[in-house]
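Notes follow once the structure below has been shown.
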Amino acid sequence: MAPGADAEPGPPGPRSVVDLVAAGILDVELAALLWLLVEARLPLLVAGPRGAGRSTLLGVLTDFLPAGTRRRTVGGADEAFAWLPGAVELGWPGGGAAPADRPERAGPAATYLLCPELAPDVPDGAWGLRARVLVRALQLGYGLGTTIEALSLAEVFARLAPPPVELSVDELRRLSVVLVLRADDAGRRRVAAAHYLRPLERDGAGHVQRRPPAVLATWDPARETFDHFGWGVIPELAARVGRPAVGFEREQADRARFLRALVSEGLTEPSAVRSAIAGYRAGFVAIHRH
């Protein structure tokens, strides 16, 4: 995603996850966890104040999307959802999806939607009905990466639940992973909190279960370190991405070691980091095919 008004100040050009870890915006443990979740195309929302580097963080994390993922940038005043099957059923008043043989139609199986921002005042963003339909599209199986100006998870809900977006609490759960960026008094940016929005579940009797969001990690400014709580929901996260819990935990640790090695080597150039990630993934796939 091209940097916009929210792009992080500093040297021009794209950034890599190694850059952001070295800058302390997140640590290797959180980056490894997000790698597993984004690789499975879970929706990701980056919240924070204007100018905090939300779009930079989002763009870097989408490097974790698997090869073959179709990225589709959506939003703007001319967004008519012609590519979206079932757009009318999701609340869009237009003519619905384009015929299946037209190239602009995008099925959900391997498509990750990218919207620069959920906001009313961003030319290429989405708000109101467009934002509502975009989030509702997640129920069809699309992934989504986007940002919003908000200082907490509660503020994210407070912006998206009332009119004009009017998303229900159950629809908001589909956003899955919410990162909150903040800056300290010295202007240093951190992922202050990482949240996992649990999907609706049913118990053995078929009753709907609505569990509260889980905190995956927080930044402790007093100790200047990240506290990690993802271990408490490893079985849920593993099931969500289709891995056994033990394998998920082991793979997170392996990826954290891999990223730590890249940081130690000073490998920060974005294309080199992407190549390293692709090489790691290819090795993982080769190992697990035997």
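For the sequence shown, the numbering used here gives the first residue as 242, with consecutive numbering after it.
Even for Gly, the Cβ is constructed at its ideal location relative to N, Cα and C.
Check your understanding: Looking at the structure shown, is residue 464 part of a helix, part of a strand, or coil, going by DSSP?
Key -> By 1-based counting over the sequence shown, the position of residue 464 is 223. Under the three-state reduction of DSSP output, residue 464 falls in the coil class, being neither helix nor strand.
Practice item. Keeping to the same chain, check which residues put their C-beta closer than 8 Å to that of residue 453; ignore five residues upstream and five downstream. Key: For this step, residue 453 is matched to residue 212 along the sequence shown. Counting only Cβ-Cβ distances below 8 Å, and skipping sequence neighbours, we find 439.
Review point. Grouping DSSP H, G and I as helix and E and B as strand, with all else coil, what is residue 471?
Key: Position 230 of the sequence shown holds residue 471. For residue 471, the three-state secondary structure derived from DSSP is helix.
Review point. Taking C-beta to C-beta, are residue 375 and residue 355 nearer than 8 Å?
Key: The residue labelled residue 375 in the question sits at position 134 within the sequence shown. The residue labelled residue 355 in the question sits at position 114 within the sequence shown. Going by beta carbons, residue 375 and residue 355 fall outside the 8 Å limit.
Check your understanding: Distance, Cα to Cα, residue 398 vs residue 284?
Key -> Sequence index remark: in the sequence shown, residue 398 carries index 157 (1-based). Sequence index remark: in the sequence shown, residue 284 carries index 43 (1-based). So the two alpha carbons sit approximately 16 Å from each other.
Review point. Looking at the structure shown, is residue 383 part of a helix, part of a strand, or coil, going by DSSP?
Key: Here residue 383 refers to the residue found at position 142 when the sequence shown is read from its first residue. Look at residue 383 here: in three-state DSSP terms it is coil, with no helix or strand label.
Check your understanding: Taking the continuous beta strand (DSSP E) assigned at residue 311, which residues delimit it?
Key -> For the purposes of this step, residue 311 is taken as the residue at position 70 of the sequence shown. Counted as a single uninterrupted DSSP element, the beta strand (DSSP E) harbouring residue 311 occupies residues 311 to 314.
Exercise for review: For residue 508, I'd like the list of residues in its chain whose CB is within less than 7 Å of its CB, leaving aside the five on either flank, ordered along the chain.
Suggested key: The residue given as residue 508 occupies position 267 in the sequence shown. For residue 508, same chain residues with a beta-carbon under 7 Å away, outside a window of 5 residues either side, are 259, 514 and 517 in chain order.
Check your understanding: Looking at the unbroken alpha helix (DSSP H) that takes in residue 272, where does it start and where does it end?
Key -> Stepping through the sequence shown from its first residue, residue 272 is reached at position 31. Annotation: the continuous alpha helix (DSSP H) that includes residue 272 extends over 269 to 280.
Check your understanding: Thinking just about the alpha-carbon of each residue, which of 442, 414 and 463 is nearest to the one in residue 433?
Key -> On the sequence shown, residue 433 is found 192 positions in, with the first residue counted as 1. Of the candidates 442, 414 and 463, the one whose C-alpha sits nearest the C-alpha of residue 433 is 463.
Practice item. Note down the Cα distance separating residue 473 from residue 317, rounded to an integer number of angstroms. Key: In the sequence shown, residue 473 corresponds to position 232, counting from 1. In the sequence shown, residue 317 corresponds to position 76, counting from 1. Cα to Cα, the separation comes out at about 39 Å.
Point to revise | Of the residues 396, 297, 408 and 270, the one placed nearest residue 332, counting alpha carbons only | key: One-based indexing of the sequence shown puts residue 332 at position 91. 408 is the residue among 396, 297, 408 and 270 whose C-alpha sits nearest the C-alpha of residue 332.
**Study point:** Three-state secondary structure (DSSP) of residue 504
**Key:** Walking along the sequence shown from the start, residue 504 turns up at place 263. Helix, per DSSP.
Review point. Is residue 417 buried or exposed, if buried means 16 or more other CB atoms sit within 10 Å of its CB?
Key: Counting from one through the sequence shown, the residue named residue 417 turns up at place 176. The residue in question, residue 417, is buried, as its Cβ has 16 or more Cβ neighbours within 10 Å.
Practice item. Label residue 493 either buried or exposed according to how many other C-beta atoms from any shown protein chain fall within 10 Å of its C-beta, with 16 as the threshold for buried. Key: Here residue 493 refers to the residue found at position 252 when the sequence shown is read from its first residue. By the neighbour-count rule (16 or more Cβ atoms within 10 Å), residue 493 is buried.
Exercise for review: Taking all protein chains shown into account, decide if residue 410 is buried (16 or more other Cβ within 10 angstroms of its Cβ) or exposed.
Suggested key: Mapped onto the sequence shown, residue 410 falls at position 169. Exposed is the call here.
Point to revise | Nearest to residue 431 (by Cα), restricted to the options 303, 295, 282 and 470 | key: As a first step, residue 431 is located in the sequence shown; it is residue number 190 there, counting from the start. Looking at the Cα atoms, 295 is the closest of the given residues.
Review point. Who pairs with residue 542 in a beta bridge, going by DSSP?
Key: Since the first residue shown for the chain is 242 and the last is 531, residue 542 is missing from the structure and cannot be characterised.
Review point. How would you call residue 442, buried or exposed, if buried means at least 16 neighbouring beta carbons within 10 angstroms?
Key: Here residue 442 refers to the residue found at position 201 of the sequence shown. Under this definition residue 442 is an exposed residue.
Review point. Where residue 361 and residue 347 are concerned, what is the direct C-alpha to C-alpha distance, given to the nearest angstrom?
Key: Start at 1 with the first residue of the sequence shown, and residue 361 comes out as number 120. Start at 1 with the first residue of the sequence shown, and residue 347 comes out as number 106. If I take the Cα positions, the gap works out to 25 Å.
Review point. Could you give the distance in angstroms between the alpha-carbon of residue 352 and the alpha-carbon of residue 406?
Key: Numbered from its first residue, the sequence shown carries residue 352 at position 111. Numbered from its first residue, the sequence shown carries residue 406 at position 165. C-alpha separation (whole angstroms): 23 Å.
**Study point:** Distance between residue 421 and residue 522 (C-alpha atoms, nearest Å)
**Key:** Sequence index remark: in the sequence shown, residue 522 carries index 281 (1-based). Sequence index remark: in the sequence shown, residue 421 carries index 180 (1-based). If you take the alpha carbons of residue 522 and residue 421, they lie about 27 Å apart.
Check your understanding: Contact between the region 302 to 312 and the region 268 to 284: three or more CB pairs below 8 Å?
Key -> They touch, by the three-pair rule.
**Study point:** Reference residue 300; option with closest CA among 311, 388 and 461
**Key:** The count along the sequence shown starts at 1 and reaches residue 300 at position 59. Looking only at 311, 388 and 461, the smallest Cα-Cα distance to residue 300 is reached by 388.
Check your understanding: Terminal residues of the continuous beta strand (DSSP E) containing residue 420?
Key -> Numbered from 1 along the sequence shown, position 179 holds the residue referred to as residue 420. Counting along the chain, the unbroken beta strand (DSSP E) around residue 420 starts and ends at 418 to 424.
Review point. Nearest to residue 256 by CA position, among 286, 279, 276 and 297, is which residue?
Key: Start at 1 with the first residue of the sequence shown, and residue 256 comes out as number 15. If we check each option's Cα against that of residue 256, 297 comes out closest.
Check your understanding: What residue from 395, 470 and 479 has the CA that sits closest to residue 455's CA?
Key -> For the purposes of this step, residue 455 is identified with residue 214 of the sequence shown, where counting begins at 1. For residue 455, the nearest C-alpha among the options comes from 470.
Check your understanding: Which residue spans inside the region 349 to 405 form an unbroken beta strand (DSSP E) run of at least 3?
Key -> If we require 3 residues or more, the beta strand (DSSP E) runs fully inside the region 349 to 405 come out as 352 to 356 and 384 to 390.
**Study point:** Rounded C-alpha distance that separates residue 447 from residue 481
**Key:** Within the sequence shown, the letter at position 206 stands for residue 447. Within the sequence shown, the letter at position 240 stands for residue 481. Distance between the alpha carbons of residue 447 and residue 481: 19 Å.
Exercise for review: Consult DSSP for residue 458 and reduce its assignment to one of helix, strand or coil.
Suggested key: Reading the sequence shown from its first residue, position 217 is the one you call residue 458. Here DSSP, grouped into helix, strand and coil, assigns residue 458 to strand.
Check your understanding: Taking the alpha carbon of residue 468 as the point to measure from, which residue in 264, 479, 436 and 520 has its own alpha carbon closest?
Key -> In the sequence shown, the residue the question calls residue 468 occupies position 227. Of the candidates 264, 479, 436 and 520, the one whose C-alpha sits nearest the C-alpha of residue 468 is 436.
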